[in-house]
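Residue numbers (the working numbering): 2 to 305.
#1: Taking 9 Å as the threshold (C-beta atoms), are residue 96 and residue 136 in contact?
#2: Would you decide whether residue 267 is buried or exposed? Buried here means 16 or more other CB atoms lie within 10 Å of its CB.
#3: Would you be able to state if there are at least three C-beta pairs under 8 Å between the stretch 151–165 and the stretch 238–250?
#4: In whole angstroms, give me the CA-to-CA distance for residue 118 and residue 278.
#5: Can you list, in chain order, the stretches of the beta strand (DSSP E) that have 3 or more residues and sit fully within the stretch 113–146?
#6: Can you have a look at residue 293 and say buried or exposed, based on whether 16 or more other CB atoms are within 10 angstroms of its CB?
#7: Kindly indicate the opening and closing residues of the alpha helix (DSSP H) around residue 279.
#8: Figure out for me which residue from 50, 116, 85 and 190 has the closest Cα to the Cα of residue 59.
#9: Note down the Cα distance separating residue 283 from residue 179, rounded to an integer number of angstroms.
#10: Which of helix, strand or coil does DSSP assign to residue 293?
#11: Span of the alpha helix (DSSP H) holding residue 220?
#12: Looking at C-beta atoms only, is the number of pairs between the stretch 252–271 and the stretch 127–135 that lie closer than 8 Å three or more?
#13: Thinking just about the alpha-carbon of each residue, which of 194, 227 and 185 is nearest to the one in residue 205?
#14: Can you give me the C-alpha to C-alpha distance between residue 216 and residue 272, rounded to a whole angstrom?
#15: In angstroms, rounded to a whole number, what distance separates the CA positions of residue 200 and residue 35?
Listed below in structure tokens is the structure:
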């Protein structure tokens with residue numbers, strides 16, 4: 002990740018008018034309403050976002066991919082948030098206008114300095130960070146993508162719940178059919194879809210038990226899990242980070258994942274290990290990585 006900090010101050014000026022003849026103070030005029038951020042799209046598809054109210058604030062420039070995160074509830078409900086993922090695996094939640102309707106798109110953003118940005122860059126919990134300005138390029142067009150291999154890097158969070166996590170071999174035996182299902186369903190757009198790098202079971206350093214599940218605010222866990230695979234860039238097409246947590250972890254929901262735009266994309270997912278729902282949930286979340294919006298859960302077997 003490349004970042005630069007800029008400094009700025011906003012100076013408010015209040016004019017006081019004194020009625021000399023009456024010897025009284027004139028009433029202050031009402032402050033003008035804050036202007037909405039501006040969003041413009043160039044002929045090449047590049048989107049420029051500017052929030053005039055924040056342009057003079059101290060900022061840090063963050064580069065990466067702008068991604069939509071889709072969280073699955075246990076009863077079919079879902080919600081979406083926006084993050085920037087950097088090449089070193091850091092996940093930063095951002096407060097960006099809905100008019101910037103992009104995902105899996107290269108972005109350079111000036112993020113407002115403060116405790117939330119510091120926490121996100123440090124892999125800790127953070128509220129969405131305000132964006133002073135951003136330049137978002139178009140995602141790679143699906144038609145321009147050639148058939149290619151996909152890779153799943155599996156991290157198992159050992160202390161994500163009670164000590165009920167299955168052995169690595171058992172979890173791998175659930176992951177592999179889900180990957181193979183997508184290889185088959187992709188109709189030769191995916192030349193292979195295999196686990197890579199070996200399963201990494203590790204003890205999370207996140208103290209909050211809910212954050213350690215990664216299903217509500219996924220940033221800290223994804224940032225930490227990505228570090229288990231040094232040198233792997235999860236902004237590269239075809240690289241998927243698959244984080245497995247306990248079915249008893251202290252968070253609602255079954256899974257969460259980033260939304261892509263094409264069958265060539267990679268992404269980030271977290272899934273509870275439950276034997277009855279794991280394969281269907283993993284295939285569903287990988288579908289989001291590949292750009293598919295919500296559909297009903299289905300049996301990920303070869304006849305579905």
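Quick reminder that beta carbons are idealized off the backbone N, C-alpha and C, glycines included.
Bear in mind that the values here come from a model prediction, so they are computed numbers and not experimental data.
Reading from the atomic positions:
#1: no
#2: buried
#3: Below 8 Å, enough C-beta pairs join the stretch 238–250 and the stretch 151–165 to call them touching: three or more.
#4: 35 Å
#5: If we require 3 residues or more, the beta strand (DSSP E) runs fully inside the stretch 113–146 come out as 130–137.
#6: Counting C-beta atoms within 10 angstroms of its own C-beta, residue 293 has fewer than 16 neighbours from the protein chains shown and is therefore classed as exposed.
#7: 279–290
#8: 116
#9: Going by the C-alpha atoms only, they are around 7 Å apart.
#10: coil
#11: 220–227
#12: no
#13: Closest option to residue 205, Cα to Cα, is 227.
#14: The straight-line gap from Cα to Cα measures roughly 8 Å.
#15: 50 Å
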